[in-house]
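Chains as they are written, first to last, in this note's numbering: chain A, 609 to 752; chain B, 19 to 180. The beta carbon of each residue, even a glycine, is placed where N, CA and C say it ideally should be.
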Amino acid sequence: MFGRHYSIRANIQANGWAFVAMLLSWAGDMLLSLPRDWSVVQRVVIALVPLLFGLLWVRSFARWVRGMDEMHRQLSVEAGLFATTMTLFVVTIWHVLDKTGAFQAGFEMTKLHLDSHFHTASFPISLVGALYFLGYPIFNRRYQ
Amino acid sequence: MKDMNNRPNLPEEIGFGKLTLWSSWRGSMKAGAAWMFVVYLSDIPGAWLLDHHQDWPLILRILIALVPLAASLLYVRGIAQWIRGMDELHRRVTLAAFLFGTTLYLVFNTGWPLLVRAGLFTALNLTRWHLDQMPFFNCTFTICLTYIFSGLGYSLINRRYQ
């Protein structure tokens with residue numbers, strides 16, 4: 609991934625929209641938290657814009673994978689499936705722990721607001737990205 | 019006879035694509051269906067217990083909540099082993115179909131709570147059908163919808179090869 613073939617240009621081509629989506633998600637989260645009288649349409653637009661950029665990321669990532677050779681494409685699909693599946697697990701576990709009251713108990717000890725992070729689009733997007741980078745070398749080991 | 023026993027797994031065994039003679043309980047069981055039923059049987063009763071016994075100790079509540087998740091992991095392991103038993107072409111199409119399914123589910127999983135937060139369902143009076151309470155973080159719902167999306171993805175991707 610970050611070896612001698614690493615290209616910042618290719619990375620931006622494949623993942624540029626993900627960074628935009630995460631930034632817009634943080635901004636949107638802050639805007640929706642403000643005590644202002646937004647109309648429903650404005651609130652829906654603020655909420656959905658990061659998700660639309662997330663879809664653009666999926667599109668550019670799919671194009672990037674389609675431009676690979678057969679073996680790298682296979683590895684990328686496997687790493688991508690690993691990343692999305694594990695993200696679903698993490699997001700579900702996060703929600704379950706929140707529901708059971710584990711974060712409330714943890715907050716009393718650590719003063720960390722762990723319950724508030726999965727409500728934004730940036731959380732699953734960054735998690736998918738991080739797990740892809742974790743999964744790729746794992747699947748790549750089979751071919752070395 | 020030996021060749022018949024060692025034949026590669028087929029996506030149709032779990033109902034992807036056309037439902038054919040290959041669709042079978044045996045094939046589904048190979049693909050982790052037993053763990054899927056464990057998820058179904060532990061998830062909804064577990065959620066009921068958590069809702070109705072909020073005074074139970076935290077450790078017990080966490081254990082009850084994690085049982086369906088552990089079974090889901092075993093279900094995913096079963097699916098992965100089943101896919102590994104396919105021939106090259108079916109494996110490629112099925113992996114792409116599951117990637118399509120999980121990605122689409124993640125889009126819904128992320129977007130729906132944002133729409134609830136934006137107040138769309140309240141404004142359109144869709145809360146009477148409880149659309150604001152879609153259980154996107156429920157294991158049963160996740161498995162069912164991911165399966166439907168993956169089946170849809172399989173049909174779309176498979177068309178390229180026909």
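- Among the residues facing chain B, Val-704 (chain A) is included, as its CB has a counterpart in that chain under 7 Å away.
- Of A:Trp-665, A:Ala-629 and A:Thr-695, the smallest CA-CA separation from Leu-739 (chain A) is found for A:Thr-695.
- Closest in C-alpha terms to Ser-90 (chain B), from the list B:Asn-176, B:Leu-144, B:Gly-45 and B:Met-54, comes B:Met-54.
- Taking 7 Å as the cut-off, the Cβ atoms of Leu-642 (chain A) and Ile-654 (chain A) do not count as close.
- Nearest CB-CB separation between Ile-101 (chain B) and chain A: not below the 7 Å threshold.
- Ile-746 (chain A) does not reach chain B, its nearest Cβ partner there being about 13 Å away, counting only Cβ pairs nearer than 8 Å.
- For the stretch 675 to 698 of chain A, the set of positions with a beta-carbon nearer than 8 Å to some beta-carbon of chain B reads Gln-682, Val-685, Glu-686, Gly-688, Leu-689, Thr-692, Thr-693, Thr-695, Leu-696 and Phe-697 in chain order.
- Secondary structure at Asn-143 (chain B): coil, using DSSP grouped into helix, strand and coil.
- DSSP places Asn-24 (chain B) outside both helix and strand once states are collapsed to three, so it counts as coil.
- In this structure, DSSP gives Met-104 (chain B) an extended state, which the three-state scheme calls strand.
- Your pair Phe-661 (chain A) and Val-628 (chain A) checks out as a contact, with CB atoms roughly 5 Å apart and the cut at 8 Å.
- A direct Cα-Cα distance of roughly 8 Å separates Val-704 (chain A) from Ile-80 (chain B).
- For Cys-157 (chain B) against Val-57 (chain B), the beta-carbon gap comes to about 5 Å, under 8 Å, which counts as contact.
- Around Ala-713 (chain A), the beta-carbon contacts reaching into chain B at under 8 Å are Leu-76.
- Taking 8 Å as the Cβ-Cβ cut-off, the stretch 86 to 120 of chain B approaches chain A at Leu-87, Ser-90, Leu-91, Val-94, Arg-110, Leu-113, Ala-114, Phe-116, Leu-117 and Thr-120, given in chain order.
- In the three-state DSSP reduction, Trp-74 (chain B) falls in the coil class, being neither helix nor strand.
- Against chain B, a Cβ distance below 8 Å from Pro-732 (chain A) picks out Leu-124, Asn-127 and Thr-128.
- Interface with chain A (7 Å Cβ-Cβ cutoff): Arg-79 (chain B) is included.
- Counting along the chain, Tyr-751 (chain A) sits inside no alpha helix (DSSP H), nor does DSSP assign it H or E at all.
- When C-beta distances to chain A are compared with 9 Å, the residues of the stretch 136 to 151 of chain B below that value are Ala-136, Gly-137, Leu-138, Thr-140, Ala-141 and Leu-142, in chain order.
- Not one beta carbon of chain A lies nearer than 7 Å to the beta carbon of Leu-67 (chain B).
- Exclusion of the five residues before and after Thr-112 (chain B) leaves Pro-29 and Ile-101 as the residues of its chain whose Cβ lies within less than 6 Å of its Cβ.
- Taking the Cα positions, Gln-151 (chain B) is about 34 Å away from Asn-176 (chain B).
- Val-649 (chain A) is classed as exposed because its beta carbon has fewer than 16 other beta carbons within 10 Å across all chains shown.
- Taking a Cβ-Cβ cut-off of 7 Å, the neighbours of Ala-710 (chain A) in chain B comprise Leu-76 and Ile-80, given in sequence order.
- With contacts defined by Cβ atoms closer than 7 Å, Phe-167 (chain B) and Leu-122 (chain B) form a contacting pair.
- DSSP, read as helix, strand or coil, puts Thr-728 (chain A) in coil.
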